[in-house]
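Numbering (our numbering), first residue to last: 164 to 301.
All C-beta atoms, glycine included, are put in the ideal place defined by N, C-alpha and C.
Since we're looking at a predicted model, the values are computed, not measured.
Below: one structure, written as C-alpha coordinates.
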(Lines of atoms letter the chains of each structure in order from A and count residues from 1; the text may use other names and numbers.)
(Lines give C-alpha, C1' and ligand atoms only; values in the text may rest on other atoms or scores of the structure.)
Protein backbone atom coordinates (compact mmCIF):
# COMPACT_ATOMS: atom_id res chain seq x y z
CA UNK A 1 0.00 0.00 0.00
CA UNK A 2 1.44 3.36 -0.99
CA UNK A 3 1.13 6.42 1.17
CA UNK A 4 0.95 10.00 -0.14
CA UNK A 5 2.47 11.42 3.03
CA UNK A 6 6.13 12.41 2.69
CA UNK A 7 8.47 12.38 5.65
CA UNK A 8 11.73 14.28 5.75
CA UNK A 9 14.96 12.33 5.90
CA UNK A 10 18.27 13.86 6.96
CA UNK A 11 19.29 14.86 3.44
CA UNK A 12 15.94 16.17 2.18
CA UNK A 13 15.32 19.83 1.61
CA UNK A 14 12.38 21.06 3.75
CA UNK A 15 11.29 23.23 0.81
CA UNK A 16 10.53 20.09 -1.26
CA UNK A 17 8.06 18.91 1.37
CA UNK A 18 6.61 22.42 1.75
CA UNK A 19 5.77 22.60 -1.96
CA UNK A 20 4.17 19.14 -1.75
CA UNK A 21 2.03 20.26 1.21
CA UNK A 22 1.01 23.41 -0.66
CA UNK A 23 0.01 21.34 -3.71
CA UNK A 24 -2.11 18.98 -1.58
CA UNK A 25 -3.62 21.95 0.28
CA UNK A 26 -4.54 23.64 -3.01
CA UNK A 27 -6.17 20.43 -4.36
CA UNK A 28 -8.13 19.96 -1.13
CA UNK A 29 -9.33 23.58 -1.18
CA UNK A 30 -10.51 23.19 -4.80
CA UNK A 31 -12.41 19.99 -3.92
CA UNK A 32 -13.95 21.65 -0.86
CA UNK A 33 -15.09 24.70 -2.83
CA UNK A 34 -16.55 22.50 -5.61
CA UNK A 35 -18.56 20.42 -3.12
CA UNK A 36 -19.69 23.54 -1.26
CA UNK A 37 -21.20 24.97 -4.44
CA UNK A 38 -22.71 21.61 -5.50
CA UNK A 39 -24.51 21.28 -2.16
CA UNK A 40 -25.95 24.79 -2.41
CA UNK A 41 -23.71 26.11 0.38
CA UNK A 42 -25.58 23.90 2.88
CA UNK A 43 -24.59 21.25 5.39
CA UNK A 44 -25.10 17.71 4.09
CA UNK A 45 -26.68 16.63 7.39
CA UNK A 46 -28.72 19.49 8.86
CA UNK A 47 -29.13 21.82 5.88
CA UNK A 48 -27.82 24.95 7.62
CA UNK A 49 -26.32 27.57 5.29
CA UNK A 50 -22.57 27.39 5.68
CA UNK A 51 -19.81 29.93 5.14
CA UNK A 52 -16.74 29.01 3.12
CA UNK A 53 -13.91 30.60 5.08
CA UNK A 54 -10.27 29.83 5.71
CA UNK A 55 -9.54 28.63 9.23
CA UNK A 56 -6.97 30.74 11.03
CA UNK A 57 -4.65 29.44 13.72
CA UNK A 58 -5.65 30.62 17.15
CA UNK A 59 -9.25 31.38 16.15
CA UNK A 60 -12.06 29.07 17.15
CA UNK A 61 -14.13 28.06 14.11
CA UNK A 62 -17.77 29.03 14.22
CA UNK A 63 -20.44 26.36 13.98
CA UNK A 64 -21.62 27.38 10.51
CA UNK A 65 -18.18 27.15 8.90
CA UNK A 66 -18.11 24.70 5.99
CA UNK A 67 -15.89 21.66 6.57
CA UNK A 68 -14.91 18.68 4.47
CA UNK A 69 -16.55 15.57 5.97
CA UNK A 70 -15.45 12.03 5.09
CA UNK A 71 -18.35 9.56 4.91
CA UNK A 72 -15.89 6.74 5.58
CA UNK A 73 -13.23 8.22 7.89
CA UNK A 74 -9.67 8.23 6.62
CA UNK A 75 -8.60 6.25 9.70
CA UNK A 76 -10.93 3.47 8.48
CA UNK A 77 -9.55 3.50 4.92
CA UNK A 78 -11.65 6.34 3.51
CA UNK A 79 -10.14 8.56 0.83
CA UNK A 80 -10.40 12.17 -0.32
CA UNK A 81 -12.21 10.88 -3.42
CA UNK A 82 -15.28 12.95 -4.32
CA UNK A 83 -17.51 9.90 -3.73
CA UNK A 84 -16.40 9.77 -0.07
CA UNK A 85 -16.62 13.42 0.96
CA UNK A 86 -19.42 15.91 1.58
CA UNK A 87 -19.60 19.38 3.04
CA UNK A 88 -20.97 19.74 6.54
CA UNK A 89 -21.18 22.55 9.04
CA UNK A 90 -18.40 22.50 11.62
CA UNK A 91 -20.93 21.56 14.30
CA UNK A 92 -22.23 18.44 12.52
CA UNK A 93 -18.67 17.43 11.62
CA UNK A 94 -17.67 17.53 15.30
CA UNK A 95 -20.82 15.76 16.54
CA UNK A 96 -20.82 12.99 13.95
CA UNK A 97 -17.48 11.56 15.02
CA UNK A 98 -19.18 9.00 17.27
CA UNK A 99 -21.74 7.75 14.74
CA UNK A 100 -21.83 6.24 11.29
CA UNK A 101 -23.54 8.23 8.52
CA UNK A 102 -26.91 6.46 8.82
CA UNK A 103 -27.09 6.92 12.59
CA UNK A 104 -26.14 10.58 12.33
CA UNK A 105 -28.74 11.22 9.61
CA UNK A 106 -31.34 9.62 11.92
CA UNK A 107 -30.27 11.97 14.71
CA UNK A 108 -30.51 15.00 12.39
CA UNK A 109 -34.00 14.02 11.21
CA UNK A 110 -35.18 13.69 14.83
CA UNK A 111 -33.60 17.00 15.79
CA UNK A 112 -34.88 18.94 12.77
CA UNK A 113 -38.43 17.67 13.28
CA UNK A 114 -38.68 19.87 16.38
CA UNK A 115 -35.85 22.43 16.24
CA UNK A 116 -34.24 25.02 13.99
CA UNK A 117 -31.07 23.94 12.24
CA UNK A 118 -29.54 27.26 13.40
CA UNK A 119 -29.91 26.39 17.12
CA UNK A 120 -26.43 24.96 17.63
CA UNK A 121 -26.53 24.92 21.43
CA UNK A 122 -29.81 22.99 21.41
CA UNK A 123 -28.37 20.58 18.80
CA UNK A 124 -25.46 19.83 21.12
CA UNK A 125 -27.80 19.17 24.08
CA UNK A 126 -30.15 17.08 21.93
CA UNK A 127 -27.16 15.07 20.69
CA UNK A 128 -26.07 14.24 24.25
CA UNK A 129 -29.61 13.08 25.04
CA UNK A 130 -29.72 11.07 21.80
CA UNK A 131 -26.45 9.34 22.67
CA UNK A 132 -27.69 8.45 26.18
CA UNK A 133 -30.84 6.91 24.67
CA UNK A 134 -28.75 5.08 22.09
CA UNK A 135 -26.56 3.55 24.84
CA UNK A 136 -29.68 2.36 26.65
CA UNK A 137 -30.92 0.61 23.48
CA UNK A 138 -27.64 -1.27 23.00
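Would residue i and residue j qualify as a contact pair, given that the criterion is a beta-carbon distance under 8 Å?
i: residue 232; j: residue 250; result: yes
i: residue 252; j: residue 211; result: yes
i: residue 338; j: residue 235; result: This structure leaves residue 338 out entirely; the chain is present only between 164 and 301.
i: residue 226; j: residue 283; result: yes
i: residue 213; j: residue 229; result: yes
Pull up the CB-CB distance for residue i and residue j, whole angstroms please, since I reckon it's below 8 Å.
i: residue 278; j: residue 289; result: 7 Å
Using the three-state DSSP reduction, which class does residue i fall into: helix, strand or coil?
i: residue 233; result: strand
i: residue 188; result: helix
i: residue 226; result: coil
i: residue 209; result: coil
i: residue 216; result: coil
i: residue 171; result: Because residue 171 carries a pLDDT of 42, less than 50, the predicted location of this residue cannot be relied on, and no value is offered for it.
Which term fits residue i, buried or exposed, when burial requires 16 or more other beta carbons within 10 angstroms of its beta carbon?
i: residue 193; result: exposed
i: residue 291; result: exposed
i: residue 238; result: exposed
i: residue 286; result: buried
Open item on the list: Closer than 8 Å is the cut-off here; do at least three beta carbon pairs connect the stretch 197-214 with the stretch 245-259?
Closed with: yes
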